[in-house]
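Going by my numbering, the first sequence opens with residue 3, and the numbers climb by one from there. Where is the CB? At the ideal position from N, CA and C, for every residue including glycine. Have a look at the structure below before the remarks.
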Amino acid sequence: MNIPPRYEPSKVESKWYSYWMEHGFFRSKPDGREPYTIVIPPPNVTGVLHMGHMLNNTVQDVLIRRARMLGKNACWVPGTDHASIATEAKVVAKLKSEGIDKRDIGREEFLKHAWEWTNKHGGIILEQLKRLGASCDWDRTLFTMDEKRYDSVIKVFVNLYRKGLIYRGVRMVNWDPEARTAVSDEEVNYTEEKSKLYYVRYRVAGSEDYITVATTRPETILGDTAVCANPADKRYKHLKGKKVIVPMVNREVPFIFDEYVDMEFGTGCLKITPAHDINDYEIGLKNKLPAIDIFNDDGTLSEKALLFTGVDRFRARELAEEELRKSGNLVKVENYVNKIGRSERTYAVIEPKLSVQWFLKMKEISQPALRAVIDGDVKLHPSKFRNLYRHWMENVHDWCISRQLWWGHRIPAWYYNDNEFVVAHDEDEALRLARNESGNSRLTKDDLRQDEDVLDTWFSSWLWPITCFDGINNPGNPDMKYYYPTSDLITAPEILFFWVARMIIAGYEFAGDKPFSNVYLTGLVRDQQRRKMSKSLGNSPEPLDLIDKYGADGVRVGMLLCSPAGNDLLYNDSLPEQGRNFANKIWNAFRLVKGWKTDNNIPQPESSAIAAEWMEEVLNRVLLQTDADFKKYRISEALMKSYKLFWDEFSGWYLEIIKPEYMKPVDAKTYAATISFFERLMQIIHPFMPFITEEIWQLLATRKEGESIMTSRINIKRKHNDRLSGGFEYAKEVISSLRNLRKEKNIPNSEKIDLFIKAGSDYDQTFIPVIRKMCNINNVVFTGSKVENAASFMAGTVEYFVPASGSHDREEEIERIREELDYTRGFLAIVEKKLGNEKFVKNAPGDVVEMEKKKKQDALLKISHLEEKLRELQKDVFRSE
RNA sequence: GGGAUGUUAGCUCAGCAGGUUUAGAGCGCUUGUUUCACAUACAAGAGGUCACUGGUUCGAGUCCAGUACAUCCCA
3 MNIPPRYEPS KVESKWYSYW MEHGFFRSKP DGREPYTIVI PPPNVTGVLH MGHMLNNTVQ
63 DVLIRRARML GKNACWVPGT DHASIATEAK VVAKLKSEGI DKRDIGREEF LKHAWEWTNK
123 HGGIILEQLK RLGASCDWDR TLFTMDEKRY DSVIKVFVNL YRKGLIYRGV RMVNWDPEAR
183 TAVSDEEVNY TEEKSKLYYV RYRVAGSEDY ITVATTRPET ILGDTAVCAN PADKRYKHLK
243 GKKVIVPMVN REVPFIFDEY VDMEFGTGCL KITPAHDIND YEIGLKNKLP AIDIFNDDGT
303 LSEKALLFTG VDRFRARELA EEELRKSGNL VKVENYVNKI GRSERTYAVI EPKLSVQWFL
363 KMKEISQPAL RAVIDGDVKL HPSKFRNLYR HWMENVHDWC ISRQLWWGHR IPAWYYNDNE
423 FVVAHDEDEA LRLARNESGN SRLTKDDLRQ DEDVLDTWFS SWLWPITCFD GINNPGNPDM
483 KYYYPTSDLI TAPEILFFWV ARMIIAGYEF AGDKPFSNVY LTGLVRDQQR RKMSKSLGNS
543 PEPLDLIDKY GADGVRVGML LCSPAGNDLL YNDSLPEQGR NFANKIWNAF RLVKGWKTDN
603 NIPQPESSAI AAEWMEEVLN RVLLQTDADF KKYRISEALM KSYKLFWDEF SGWYLEIIKP
663 EYMKPVDAKT YAATISFFER LMQIIHPFMP FITEEIWQLL ATRKEGESIM TSRINIKRKH
723 NDRLSGGFEY AKEVISSLRN LRKEKNIPNS EKIDLFIKAG SDYDQTFIPV IRKMCNINNV
783 VFTGSKVENA ASFMAGTVEY FVPASGSHDR EEEIERIREE LDYTRGFLAI VEKKLGNEKF
843 VKNAPGDVVE MEKKKKQDAL LKISHLEEKL RELQKDVFRS E
């Protein structure tokens, strides 16, 4: 069999993915087994795979594959999100490039384009996930705007409205003038930007006195309805009850006082524009000030501004500056840096704006969700996010659920006159209700006008774990009963509140139970400078290129190796490189084993028998440890332990011990044990590296069509033999010392040596055959006294001698012994200090004191051995001089 | 301004219940080795006053308080 010395991922990955698909291994149907369920955080339908998806979906696939191999009925439900604002922005841009304005073609026509776009680009990302090896049940693929999901959202809206939890209200919202929609707080990014601070004079009414106000937005002066100072500010005390004249528009407005005003900032005088600043809005409410909305929806100034009507807000700022300068009311202009909010999607500067929106009352319905996390019914990993969650849930705001977009779930409210409306599941029901409420039985559908807005995207995704099993339309259906609540949710901490928390709320409200038991929060993928990876920065590698270069397994390992839950991952190419190297290591171990000829007639060497016994032990031990890691969601830890198990223990030690001499066959017993170990190692590694493990598992033995490592079972044994593993660790130390000794004395590995061991009768001889094989030893002799003319070393408290035949550097050895002596004496000093402390001996538990005494004994013994050796060496030096 | 979290080797992190060595891992680094699975390897080695200050304790990287710095969330 001719196996290439390099593992070539591209040759096997697509082969096995097709094999898995053909045999339906990813499919799940309710049955008698315990379910293990994950619903995918649905990526944007027209999005493309980025590094965050790679990390997130690798984690999900690891958990799903592992659960499957532990005998659970694993179900990973994939799907995509309609992402209303992101998708609509893309379609608008595409139409714009064709010279089409969405307002010209109207809603119906626009939606046709949007669906066309969705069908064309939708699901690309799901195909990309397949390259990564994602074992989703693709037959269940869903879309947040497919028919069932759409109906579910409408039902939930109507239900909440009828419970009195949804209301319409005028609120200050984040207005995106480009997209002409309100966006949620979470969709606004604040960054520090250079701007200017304008100092503007306002005349005090009925006098020739002026006060100066500092503002970054002189154009909003047109909407001022008051000027305000801190009541503690002595400078403005005399203005109590006075009025001031707003420049440019010459409106008389009151001078008021409020503790909100920062006396240190600017002149200590603040202009109040309730319609265009959230803080001013609050002050306006408190002081019953009118709000003058001076902007149109597209960010131009309205008629209410009185000046600059129709002019864009930024141009208006320049015009206002000119105007104020001309009238002598501009005192000065300073450079200033302040935080500007921009829309995440369009990058337009957000305009705080009063607007009629739909809201969901959150306080009441969020209570069970708050308790669920506090009481641990829903566990967050890592748990540090619990406090954050609690803080947010205790200060929860009402949720603005309407968006001025077309792509999304249209709000099921129908107006039968200018202000009055009904909320219904469909137009027929709406008509019935409208006739009823208006008392006008002659109303027709033509008299009804449906609300133009759609719902916030999160208003559909908060139902995701329920709608994935159609639990809104068909409560208690078999899927719902079997899969809900799901097991784990894997997502990023940045959407903990506006997705995770809301799903928990919806779970209790609409399914009577939590949506999932555990939330695993991955970190963000950042670059080496800790910058978030993003397309606009151009600092993100192309995921599919990475898979081409390093293999899907290599990339998966790279993503997982250094990303404990909740910690950011600082990406660099050495990560997938390490993964690729690991795959290659596995491949070459396979090449070695597969290259052996077996011989049924040769007996199993003692060293191989011991090694196999030890390997069995260490494999089960690691399996148990990784099981504990998985229970705590320490996936990186579990991977690292599996990595070391294969690389160090299996390849570095076990294979080296059992390896037959060059071109010689291996005994059948050892070979069988080795194949069995290899199979089980592949199982342990399979969740992390599905492709190479399948490839090798299939080659290790003759498999039937339809067999696969991914449907094989992992069995975890609970018993341990500490003596065996402890004994082998000691043997490693002896072997390592013997290797060093050979090197120091220039004894070639090919030359056989004798080993004398000065030890008591309690010396554990189990691993002597292994030491003999690994160090090419002829005779092993136990002796009661030291051996003359021999090189020696200590391991633990036992002294080993090798009659020296090679040359060696005595000075160097003296130096080495001195160093060891220094260390041991230092160690002894610390132990003795402890034991010399009366309070320690009196108060510490007995076993701790005993341990210290044992440490002291061992150290003393070692020191006396070392001192003796040193004396001899020095004597020899003296003699030879 | 309010809140949360963190600060351990060059980098990324363990150290989960205070006492098994004068703190561990992976990567990186240094030196040596192309020997027969793998140089995408093997072997050996260097590298840390556990941010700082104080407290609790017989004993603190581990518990408590304060300070500094960093990151994130909310306003």
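Cα separation between residue i and residue j?
{"i": "Asn191", "j": "Leu498", "result": "17 Å"}
{"i": "Ser565", "j": "Val527", "result": "9 Å"}
{"i": "Phe471", "j": "Pro517", "result": "11 Å"}
{"i": "Ala793", "j": "Val620", "result": "33 Å"}
{"i": "Ala846", "j": "Asn717", "result": "42 Å"}
{"i": "Asn58", "j": "Gly525", "result": "9 Å"}
{"i": "Phe257", "j": "Val206", "result": "9 Å"}
{"i": "Val349", "j": "Val93", "result": "A small fix is needed here, since residue 349 is Tyr in this sequence, not Val. C-alpha separation (whole angstroms): 16 Å."}
{"i": "Asp63", "j": "Gly478", "result": "28 Å"}
{"i": "Ala861", "j": "Val521", "result": "49 Å"}
{"i": "Pro771", "j": "Ser137", "result": "46 Å"}
{"i": "Leu572", "j": "Ile737", "result": "38 Å"}
{"i": "Cys271", "j": "Phe310", "result": "26 Å"}
{"i": "Asp139", "j": "Arg412", "result": "30 Å"}
{"i": "Leu491", "j": "Glu709", "result": "30 Å"}
{"i": "Phe829", "j": "Asn839", "result": "16 Å"}
{"i": "Phe795", "j": "Trp655", "result": "22 Å"}
{"i": "Glu883", "j": "Ile816", "result": "Caution is warranted here: a pLDDT of 46 is assigned to Glu883, below 50, making its placement in the model unreliable, and no coordinate value can be reported."}
{"i": "Glu15", "j": "Lys132", "result": "10 Å"}
{"i": "Ala761", "j": "Ser787", "result": "9 Å"}
{"i": "Asp106", "j": "Asp515", "result": "46 Å"}
Given residue i, which residues of its chain have a CB within under 7 Å of its CB, disregarding the five upstream and five downstream residues?
{"i": "Arg388", "result": "Val375, Leu382"}
Could you pull out every residue in the same chain whose Cβ sits closer than 6 Å to the Cβ of residue i, ignoring the five residues on either side in sequence?
{"i": "Thr768", "result": "Gly729"}
{"i": "Arg173", "result": "Gln359"}
{"i": "Lys599", "result": "Pro667"}
{"i": "Ala216", "result": "Leu199, Tyr201, Gly268, Thr269"}
{"i": "Tyr38", "result": "Ala69, Lys74, Ala76, Ser489"}
Name the DSSP bridge partner or partners of residue i?
{"i": "Ser794", "result": "Phe803"}
{"i": "Ile759", "result": "Phe784, Tyr802"}
{"i": "Val190", "result": "Ser345"}
{"i": "Arg203", "result": "Thr214"}
{"i": "Glu2", "result": "The structure shown has nothing for residue 2, since the chain only spans 3 to 883."}
{"i": "Met174", "result": "Leu356"}
{"i": "Thr493", "result": "Leu523"}
{"i": "Asp601", "result": "Asp669"}
{"i": "Ala228", "result": "Ile274"}
{"i": "Ile779", "result": "Ile755"}
{"i": "Tyr889", "result": "In the structure displayed, the chain extends from 3 to 883; residue 889 sits before or after that span and is not available."}
{"i": "His383", "result": "Tyr522"}
{"i": "Val335", "result": "Tyr200"}
Cutting at 8 Å between CB atoms, please list the residues of its own chain near residue i, excluding the five before and the five after it.
{"i": "His278", "result": "Arg219, Thr222, Gly225, Asp295, Ile296, Phe297, Glu353, Pro354, Lys355"}
{"i": "Asn476", "result": "Met482"}
{"i": "Gly798", "result": "Tyr732, Glu735, Asp860"}
{"i": "Ile677", "result": "Val595, Leu702, Ala703"}
### Task
Decide yes or no for the touch test of the stretch 114-129 against the stretch 39-54: beta carbon pairs closer than 8 Å, at least 3 of them.
yes
### Query
Counting only runs that start and end within the stretch 261-308, where is the alpha helix (DSSP H) found for 4 or more residues in a row?
280-288
### Message
Measuring CB atoms only, is the stretch 197-212 touching the stretch 332-343, in the sense that at least three cross pairs come out at less than 8 Å?
### Response
yes
#### Entry: Meets three-Cβ-pair contact criterion under 8 Å: the stretch 694-701 and the stretch 7-18
yes
### Query
Curious, which full-length alpha helix (DSSP H) runs of at least 4 residues does the stretch 435-485 contain?
460-463, 466-469, 480-485
### Query
Okay, do the stretch 147-156 and the stretch 63-76 touch, 3+ Cβ pairs below 8 Å being the bar?
no
### Query
Touch check for the stretch 585-604 and the stretch 23-39: three-plus C-beta pairs under 8 Å?
no
### Query
Is there contact between the stretch 82-101 and the stretch 154-165, where contact requires at least three CB pairs shorter than 8 Å?
no
### Task
Count the CB pairs spanning the stretch 241-254 and the stretch 326-338 that are closer than 8 Å, and state whether there are at least three.
yes
### Query
Do the stretch 418-437 and the stretch 175-189 meet, that is, are 3 or more Cβ pairs less than 8 Å apart?
no
### Cβ contact (3+ pairs, closer than 8 Å) linking the stretch 388-406 and the stretch 529-547
no
### Task
Kindly provide the ranges of any beta strand (DSSP E) runs that are 3 or more residues long and lie completely inside the stretch 672-760, ordered along the chain.
755-760
### Query
Is the stretch 228-238 in contact with the stretch 311-319, if contact means three or more CB pairs nearer than 8 Å?
no
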